[in-house]
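Mind the numbering: the sequence shown is residues 5 to 630 in this note's numbering, read in order.
One structure is given here, and the rest of the page talks about it.
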Amino acid sequence: MQRIADYALLGDCHSAALVSRDGSLDWACFPRFDSPAAFCRILDAERGGCFRVAPEGHATSERSYLPDTNVLATTFRAAGGVLELVDCMPVSADPEDPARPRASHSVLRRLRCLDGEVAVRVALAPRFEYGSFVPRFTLLGSQEASVVGGADAVFATATRPLEEADGRIRGRWALRAGEEAWIECRWARADQVRRREPSAEGFAADLEATLGFWRRWMASCRAEGEHAALVRRSALVLKALTFAPTGAVVAAPTTSLPEEIGGGRNWDYRYTWIRDATLTLTSLMVSGFASEATAFKGFVERTGAGRPDDLQIMYGIKGRRSLPEIELPHLDGHRGSRPVRIGNGAAGQTQLDCYGQLLESAWLYGRIGGELTESNWRALGGFADVVCRRWREPDHGIWEMRDDPRHFLHSKLHCWMALDRAVRLAKSRGGANAAGRWSRERDAIRDALLEDADGRGWFSQAWGSDAPDASALVVPALGFLPSRDPRVLRTLEVVAKELGDGALLHRYRSGDGLEGGEGAFLLCSFWLVDALAHAGRVGEAEGVLARLLELANDVGLFAEEALPETGELLGNFPQAFTHMAVVTSCAHVEAARHGELPEGAVDFADFLIGRSRSAALADPAARAAT
C-alpha cells in the first residue's frame, strides 16, 4: 500500500480525490467531501476500490501540477516509451460568482504517449459506501459502462474500447508517440443516467475550462519572496478544500489516515471547525483572496445561528450539527491502522476557545473593510456574554482530549481574546459604554493567566500543571504579551526543549485519555517559526521553516503530522491547518528579514492582514479595484 506522501490532491471545490504515484485513484467521495467514499483503497487495499491508469509492467514516474492549477500531470517512463497522464476533477466558473465553481462530480484522465509505444492498462473498480459491497458492472456500448449499487452510480466514458471483467471495468490500449486517449468517471445517483458522447473534443474542452478556472482564480494571488511557490500551492490547496455551495473549509478531505502507523488515533476530518476561522481568514487575505473570506464568514453566520450558548466547535459542510462517530470494522485501515472512523465525536465537546476565534475573525474582517451587520453584532455580543459566564469552566481544549476536562491555557487565553476583540469592536462602533462588563471580565482573565504563569515563570498546558504544551506559543500571537516578555521567552525555551524533536514539535507529552502515540504536529512547528521570528531570532526561525518546508511531498502537499526521525507524513491529508500555517509563517519570516516586525504586544494576524492590505493598496491595479 502507498504511503500518505505518495498521494496528490484533485479537487473541484465540492469534493476531492487522491491519486498515487502509480496512477491509482485511491480515495474519492461524491458528490461532497463528507459523502460515503466511492473509492477508498487508501484505507483497504482489497476492499476499498480504485481507478488505476498506468503503463503495463514496471515504470518509473514523476509528477507535478500544471502551473497555478490543481490539475496533475504524471509522466511514466516504461520499457517501450513515455506516457503522460493528466488528471483533474472538471470545474467551470459560475457566471454570477466566478470564485464559486460548478462541479461535474467526475474525474477526467487524459493519456498521451510522448515517445515510443506504451501498453496502457485501465482498471475502474468503485466500491460504494466505503467498500461495503461489490456493485453491478454493465457495458453500455463499446466505450461506455455503468457501475451501480446502493444509492450511487458511476458512468465511465472513454475514447477507446472498454470491457467488463473480474468485478471492474477494464481497458487495454496501445498508444504510439503522439496518440492520446481519454476516460472519464462521472458520479450520479443510482436513479440517474449520466451518459455522454465519447468525444475527445468534449473532454479537451472540459480540461481547458478547468485549467482556465484555476488560473483565473490564482491571478489574484499576492505571494512573493523566496517561498512563493509553496505559498501559491498552499493557496490552491485551501481553495480546493472549500465547499463552494456554502463557503465551508474542510480540515482535510480524508478520514482515518493515522497519526501513528498501526495505531488507533484515526479521525474523520471532512468537517469544518470554528477554530479554523481566524487562520482561514488570515491566510486567505494574506494571499489576496477576499471573496473566500466573505464566503466563510457567511458559513459561520449560518451555522452559528440560534442561541450563542448552542455554538458547536465543528459542523458539517452544509451546517449539519449531528456528526455521530461510527467505526467501520470491515476496513483494515491505512497500512493496518484500525479503526476506520466516520463522523467525529468531538463535535459534542466543550471547547471555549472557539468564541475567541469568532470574535477575532470579526475584528479582522472589519479591518479588511468587511461589513458587520446589526445582526452580526448582536450575535457577537451574545458570544462575548457567554464567555463572561463560562470562562471559569474547564473544557476539552484545542487538542480535543478524550479524558476529564481541564482549565487549559489555550482556552482561557482565547476567552481573553474574545472579550478583548469584543471591546475593540464596541469602541469602533461607538458603543464603548456597553463594553464595561466585557472589559472587567477580560482583565480578570488576564490577571488569572498571569498569576498562574508567574508562579513558574512560563505558561504551561493548564492551570496548576507543570506540563508544557505547544499551544502556549500563541501567547504573544494574540497580543496578550509582547514577544520578548521574559515569561514568553521562557515558555519558548521550555516548549522547544521538552517537546522538540529536532526542528519539529510535539503538541504535548501529557496523558490525553487515548492509547498509542503520534508524530510531531506540523502546525505547532510553524507556531515555533512565528514565535522565533517575533522574538528577534530570525536565523533560527529561518532554519526551522526550511526544515518544515522540506517535509512537503513531491507536489508540495503537507499532512497534519510527520515522523521526526524520517519525515514520513502522518495524519489526514492534505491538512488545511498546515497549509494555512505555511502561508502565514512564510509571511512572518519574510517580514522579519526586512525588519518589518513591530515591537511590543501585537496581534500577529492583525499585523499580517494590515501589512498585506498596505502592499495591495501600494499596487495601482489593486488600489483601483479597492
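Backbone N, C-alpha and C define an ideal beta-carbon position, used for all residues, glycine too.
These numbers come from a predicted model, not from an experiment.
{"Item": "Is A204 closer than 8 Å to R198 when the C-beta atoms are compared?", "Value": "no"}
{"Item": "Should C17 be labelled buried (16 or more other beta-carbon atoms within 10 Å of its own) or exposed?", "Value": "buried"}
{"Item": "For T142, list the residues DSSP reports as bridge partners.", "Value": "S150"}
{"Item": "Since E296 and A97 should fall inside the 8 Å C-beta cutoff, what is the C-beta to C-beta distance between them, to a whole number of angstroms?", "Value": "About 14 Å; that fails the 8 Å criterion."}
{"Item": "From the DSSP output, which residues share a beta bridge with P59?", "Value": "V124"}
{"Item": "Among the candidates G292, G521, E188 and H510, whose CA atom is the shortest distance from the CA of F530?", "Value": "H510"}
{"Item": "Buried or exposed: which applies to H334, given that a residue is buried once 16 or more other Cβ atoms fall within 10 Å of its Cβ?", "Value": "exposed"}
{"Item": "DSSP on R236, reduced to helix/strand/coil?", "Value": "helix"}
{"Item": "Residues in the same chain with beta-carbon distance under 8 Å from S443, minus the five sequence neighbours each way, listed in chain order, please.", "Value": "L423 and V427"}
{"Item": "In three-state terms, what does DSSP make of E546?", "Value": "helix"}
{"Item": "Comparing alpha-carbon positions, which option in L118, D91, F608 and P262 lies nearest V111?", "Value": "D91"}
{"Item": "Return the residue from the list E554, A32 and M289 that minimises the CA-CA distance to L612.", "Value": "M289"}
{"Item": "Does DSSP put W381 in a helix, a strand or coil?", "Value": "helix"}
{"Item": "Smallest Cα separation from F300: which of S24, P312, Q147 and R279?", "Value": "R279"}
{"Item": "Could you tell me which of V478, C419, S432 and A20 sits nearest to D451, measuring between CA atoms?", "Value": "C419"}
{"Item": "Compare the Cα-Cα distances from I317 to each of I8, G337 and D357 and report the closest residue.", "Value": "D357"}
{"Item": "Looking at G517: is its Cβ nearer than 8 Å to the Cβ of R406?", "Value": "yes"}
{"Item": "Quick one: Cα of F55 to Cα of A595, how far?", "Value": "45 Å"}
{"Item": "Is it buried or exposed for D314, if we count other Cβ within 10 angstroms and need 16 for buried?", "Value": "exposed"}
{"Item": "Determine the closest residue to A185 out of L417, Q147 and G506, with distance taken between C-alpha atoms.", "Value": "Q147"}
{"Item": "Measure from the alpha carbon of V479 to the alpha carbon of each residue in C189, G440 and F463, then state which is nearest.", "Value": "F463"}
{"Item": "Does the Cβ of G461 have 16 or more other Cβ atoms within 10 Å, making it buried, or fewer, making it exposed?", "Value": "exposed"}
{"Item": "Count the CB pairs spanning the segment 134-148 and the segment 69-79 that are closer than 8 Å, and state whether there are at least three.", "Value": "no"}
{"Item": "Leaving out the 5 sequence neighbours to the left and right, which residues in its chain are closer than 7 Å to R325 when beta-carbon positions are compared?", "Value": "Q316 and Y319"}
{"Item": "Between G540, T284, S19 and W277, which has its C-alpha nearest D38's C-alpha?", "Value": "S19"}
{"Item": "Can you find the residues in the same chain that come closer than 6 Å, C-beta to C-beta, to L555, ignoring five residues on each side of it along the sequence?", "Value": "A566 and G571"}
{"Item": "If I measure Cβ to Cβ from R371 and keep anything under 8 Å in the same chain, skipping five residues before and after, which residues do I get?", "Value": "D610, I613, G614 and R617"}
{"Item": "Could you give the first and the last residue of the continuous alpha helix (DSSP H) run that contains A500?", "Value": "P490 to L503"}
{"Item": "Going by beta carbon distance, what residues of the same chain come within less than 6 Å of T161, once the five residues before and after it are set aside?", "Value": "E148, E188, R200 and P202"}
{"Item": "Under a three-way DSSP split, which group does D534 fall into?", "Value": "helix"}
{"Item": "Report the three-state DSSP secondary structure of F34 (helix, strand or coil).", "Value": "coil"}
{"Item": "State the beta-bridge partners of S24 as determined by DSSP.", "Value": "Y11"}
{"Item": "Could you tell me whether the segment 22-35 touches the segment 46-55, where touching means 3 or more Cβ pairs closer than 8 Å?", "Value": "yes"}
{"Item": "For F137, which residues in the same chain have their Cβ closer than 8 Å to its Cβ, ignoring the five residues on either side in sequence?", "Value": "R131, G153 and G154"}
{"Item": "Cα-Cα, which of A213, A457 and A181 is closest to T495?", "Value": "A457"}
{"Item": "Should the segment 43-52 be regarded as contacting the segment 590-607, the criterion being three or more beta carbon pairs within less than 8 Å?", "Value": "no"}
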